[in-house]
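Be aware that the sequence shown starts at 106, since it is given in my numbering, and climbs by one per residue.
Remarks on the structure that follows.
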Amino acid sequence: MDAKLQRRVQRYGWDKAAEDYERFWAAQLRPAQDLLLALAGIRSGERVLDVACGTGLVSLQAAATTGPSGKVVGTDISERMVERAREEAGRQNVEQVVFQRMDAEALDLPDAAFDVAICALGLMYVPDPLRALQEMHRTLAPGGRAIAAVWGARKQCGWAEIFPIVESRVQSDVCPMFFHLGTGDTLAQAFRDAGFSEVRAERITTELAYEGEGQALGAAFAGGPVAMAYSRFDQPTRESAHAAYLESIATFRRGSGYRVPGEFVVVRGDR
Ligand SMILES: C[S@@+](CC[C@H](N)C(=O)[O-])C[C@H]1O[C@@H](n2cnc3c(N)ncnc32)[C@H](O)[C@@H]1O
Numbered sequence: 106m107d108a109k110l111q112r113r114v115q116r117y118g119w120d121k122a123a124e125d126y127e128r129f130w131a132a133q134l135r136p137a138q139d140l141l142l143a144l145a146g147i148r149s150g151e152r153v154l155d156v157a158c159g160t161g162l163v164s165l166q167a168a169a170t171t172g173p174s175g176k177v178v179g180t181d182i183s184e185r186m187v188e189r190a191r192e193e194a195g196r197q198n199v200e201q202v203v204f205q206r207m208d209a210e211a212l213d214l215p216d217a218a219f220d221v222a223i224c225a226l227g228l229m230y231v232p233d234p235l236r237a238l239q240e241m242h243r244t245l246a247p248g249g250r251a252i253a254a255v256w257g258a259r260k261q262c263g264w265a266e267i268f269p270i271v272e273s274r275v276q277s278d279v280c281p282m283f284f285h286l287g288t289g290d291t292l293a294q295a296f297r298d299a300g301f302s303e304v305r306a307e308r309i310t311t312e313l314a315y316e317g318e319g320q321a322l323g324a325a326f327a328g329g330p331v332a333m334a335y336s337r338f339d340q341p342t343r344e345s346a347h348a349a350y351l352e353s354i355a356t357f358r359r360g361s362g363y364r365v366p367g368e369f370v371v372v373r374g375d376r
């Protein structure tokens with residue numbers, strides 16, 4: 106897929122997913138976000154950049170750790186995500202965080218301005234993730250560190266069929282390289298290629314728990330990466346896509362709900 110088109114699909118797709126995102130994904134992504142924050146070891150007073158920050162789930166946790174003497178800048182390509190993050194920061198009265206709409210591959214931020222750069226479950230969506238890592242490297246001060254979390258290998262993620270199911274109904278790629286970074290040593294190698302040293306990776310398995318079909322479908326279609334394509338489906342197409350997805354996760358059914366396996370890879374590198 107052409108990079109410009111991929112960025113547009115991401116930008117406007119996540120605008121559509123923004124309202125449903127936390128309801129469906131906050132708890133499920135928590136193990137990866139927690140490991141990312143543990144590897145980041147953020148300290149009071151530090152300057153943190155959160156790339157592809159979404160609704161600010163990780164940025165706000167980082168801001169709680171930096172305290173008011175520090176600063177957090179959250180960036181995301183989706184305007185609606187950025188607005189939601191700002192609203193939440195306002196509700197929590199957190200002043201040391203700002204959110205700006207920005208493409209991960211072209212950060213409108215000065216060189217060497219941060220101690221920590223993080224990206225939680227965002228790099229899979231970026232057309233050129235190496236470029237995004239180079240931008241994180243550029244904006245880090247010498248001695249700074251970067252940490253990124255991505256989904257793991259396709260065969261470890263029980264929900265992976267969502268992509269071919271949607272793609273076959275729109276005759277295009279929704280997210281062509283989604284599982285690439287989480288396979289083998291790919292993400293760690295991208296960190297090295299971007300100039301990071303002391304690169305280390307951790308891989309953890311997880312389980313996506315859904316109480317019923319509605320939750321499993323909501324997370325897969327309306328609240329996530331295929332939201333753009335899905336919003337254009339007519340009702341019969343929606344119904345056939347729902348049926349195909351539920352069939353693809355049928356072996357993970359437990360009672361009236363689901364426990365779908367997944368995997369995350371989290372990598373840290375030093376500038
Ligand atoms: C799964 S969400 C993760 C959000 C957040 N980091 C979290 O952990 O909850 C992925 C985010 O990546 C953003 N995104 C996708 N492509 C992007 C790009 N090229 N530049 C910046 N953000 C991007 C989306 O808008 C979306 O908010």
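C-beta atoms are modelled at their ideal positions from N, C-alpha and C, and glycine is treated no differently.
On a predicted model such as this, the values are computed, not experimentally measured, just so you know.
Rounded separation between residue i and residue j - CA only
| i | j | result |
| --- | --- | --- |
| D339 | G374 | 45 Å |
| E352 | A293 | 34 Å |
| Q320 | D125 | 11 Å |
| L212 | D181 | 10 Å |
| E344 | A324 | 15 Å |
| T170 | Q205 | 20 Å |
| L286 | R113 | 21 Å |
| A251 | A222 | 5 Å |
| D107 | V279 | 11 Å |
| P341 | R274 | 11 Å |
| A246 | G150 | 15 Å |
| A92 | C158 | The structure shown does not extend to residue 92, since the chain is modelled only from 106 to 376, so the question has no answer here. |
Beta-carbon spacing of residue i, residue j below 9 Å
| i | j | result |
| --- | --- | --- |
| L141 | V177 | no |
| G367 | G257 | yes |
| R364 | E312 | yes |
| F284 | R259 | yes |
| G179 | V202 | yes |
| A225 | L165 | no |
| E240 | E210 | yes |
| K109 | A332 | no |
| A137 | F301 | no |
Burial state of residue i, where buried means 16 or more other Cβ atoms lie within 10 Å
| i | result |
| --- | --- |
| Q111 | buried |
| D216 | exposed |
| R152 | buried |
| A346 | buried |
Supposed close pair residue i, residue j - CB separation, criterion 8 Å
| i | j | result |
| --- | --- | --- |
| E200 | P173 | 6 Å |
| A299 | V372 | About 11 Å; that fails the 8 Å criterion. |
| G362 | Y315 | 5 Å |
| Y335 | E266 | Actually they do not touch by this definition, with Cβ atoms about 14 Å apart. |
Any C-beta of chain B under 9 Å from that of residue i
| i | result |
| --- | --- |
| F219 | Here chain B cannot be found, since the structure has a single protein chain. |
Just list the beta strand (DSSP E) runs in the segment 153 to 188, keeping only unbroken ones of 3 residues or longer that don't cross its boundaries, in chain order.
-> 176 to 181
Quick one: which unbroken beta strand (DSSP E) runs of 3-plus residues sit fully inside the segment 187 to 245? Chain order, please.
-> 202 to 206 and 219 to 225
Quick one: complete beta strand (DSSP E) runs, 3+ long, within the segment 248 to 327?
-> 302 to 315
Which parts of the segment 326 to 360 are runs of the alpha helix (DSSP H), unbroken and 4 residues or longer, counting only runs that do not cross its ends?
-> 332 to 336 and 340 to 353
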